[in-house]
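Engineer:
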Amino acid sequence: MIQPDAEVFAQRDKVDKLFGRCILRLQFYELLMKAIVAEHQLSAPITDLEKARDRRRAETGQKTLGTVVSQIMDSVLVPEGLRGRDEGDAGDAPSINFKLQIVIHSEEFARIEAEQRDLVRLRNSLVHCFLEQHDLRTADGCLTAQHALTQALDQVDRAYEQLRSWASAMDEARKAFGEHLASPEIRDFIVQNRVPWRRSIIALALKEAAMELAGGDWVMVATATDWVAKRFPEEKPAGYGCRSWQQVIHETGMFDLQLRNVDGRRQSWFRPR
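Residue 171 in the working numbering sits at position 85 of the sequence shown, and the numbers go up by one each step.
#1: Kindly indicate which residue of D99, A92, R284 and H126 has the alpha-carbon position closest to the one of E258.
#2: What runs of the alpha helix (DSSP H), each 4 residues or longer, lie entirely inside the stretch 172 to 243?
#3: D204: which of S251, L112 and F184 sits nearest, CA to CA?
#4: State the CB to CB distance for the pair I188 and A144, rounded to an integer number of angstroms; the pair is presumed to be in contact (CB under 8 Å).
#5: Can you have a look at A200 and say buried or exposed, based on whether 16 or more other CB atoms are within 10 angstroms of its CB?
#6: Among Q344, E116, P358 and E93, whose alpha-carbon lies nearest the alpha-carbon of K149?
#7: Do the CB positions of F114 and Y326 come within less than 8 Å of each other?
#8: So, helix, strand or coil for P165, using DSSP?
#9: Should the stretch 314 to 333 be called in touch with the stretch 291 to 301, which here means at least 3 C-beta pairs below 8 Å?
#10: Mind checking T338: buried by the 16 CB within 10 Å criterion, or exposed?
#11: Within 10 Å of its beta-carbon, does F95 have 16 or more other beta-carbons around it, so buried, or fewer, so exposed?
#12: I'd like the list of long-range same chain contacts for V281, defined as Cβ closer than 6 Å, with 5 residues on each side in sequence excluded.
#13: Would L208 and A238 qualify as a contact pair, given that the criterion is a beta-carbon distance under 8 Å?
#14: In whole angstroms, give me the CA-to-CA distance for V307 and W331.
#15: Would I287 be called buried (16 or more neighbouring beta carbons within 10 Å of its own) or exposed?
#16: Kindly list the residues whose CB is nearer than 7 Å to the CB of F195, restricted to its own chain and excluding five residues on each side of it in sequence; keep chain order.
#17: Should K120 go down as buried or exposed, given a rule of 16 or more other Cβ atoms within 10 Å for buried?
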């Protein structure tokens, strides 16, 4: 027959193992989250990219889990219709500024944010309050602790799998971005300053506007550009070396452009080719 002290010792040993697994899983989770935050965005002069990347990793590594969760929700995960927080400008020197984000439905965003906050509370509770919450001097207290730790492990595992799916999606996006940079159009842009119109946001936005407003048929330039300005306010002709939207439409080679007299006024119309 097991003596009471021996039974408590045996149950406490199970608590120790479960607690250790929980803490290790949480550390794996925290490390992956920090890696996502550190790698999802970079803004730096071309000559300083590696140093800037190392600085960002080091700075992120020093932050608490709660702070990193806030950064995930502020910048990495973005509700539909929002862009999230941007970093500062890299300055006037030749530079690279990129950001990888995951856009999700607003309801899903709220659910994920609540789950992330719960995980931070769980981590803090395990690290700071576990012995206050569970009496490990009795077998019943140890059993209660085991049940709580088993539930905690399930919660952490679910969160970690979700985090891994985000990391995988961002790796795929990063790979696609690398292939994009290696394309002849981007090479011509870097070497000869030729705008890669078919890959540019402004041209794709104009095409989207024509599809949305006229089903891909003729649409007035002013109407389409108002649509673009509301959804892509940072996209302007001057950013592509053009004086007007009509010049952008002409330069892309992606649209037909014509002038029409409407009620005695000359207006520009276009459609995708």
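Cβ atoms here follow ideal geometry from the backbone N, Cα and C, with glycine treated the same way.
Structural biologist: The relevant details are as follows:
#1: Closest option to E258, Cα to Cα, is H126.
#2: 192 to 219
#3: L112
#4: About 24 Å separates the two Cβ atoms, so there is no contact after all.
#5: exposed
#6: E116
#7: Going by C-beta atoms, F114 is not nearer than 8 Å to Y326.
#8: strand
#9: yes
#10: By the neighbour-count rule (16 or more Cβ atoms within 10 Å), T338 is buried.
#11: exposed
#12: If we look at V281 and ignore the five residues flanking it on each side, its Cβ neighbours are Y326.
#13: yes
#14: 8 Å
#15: exposed
#16: L163 and P165
#17: buried
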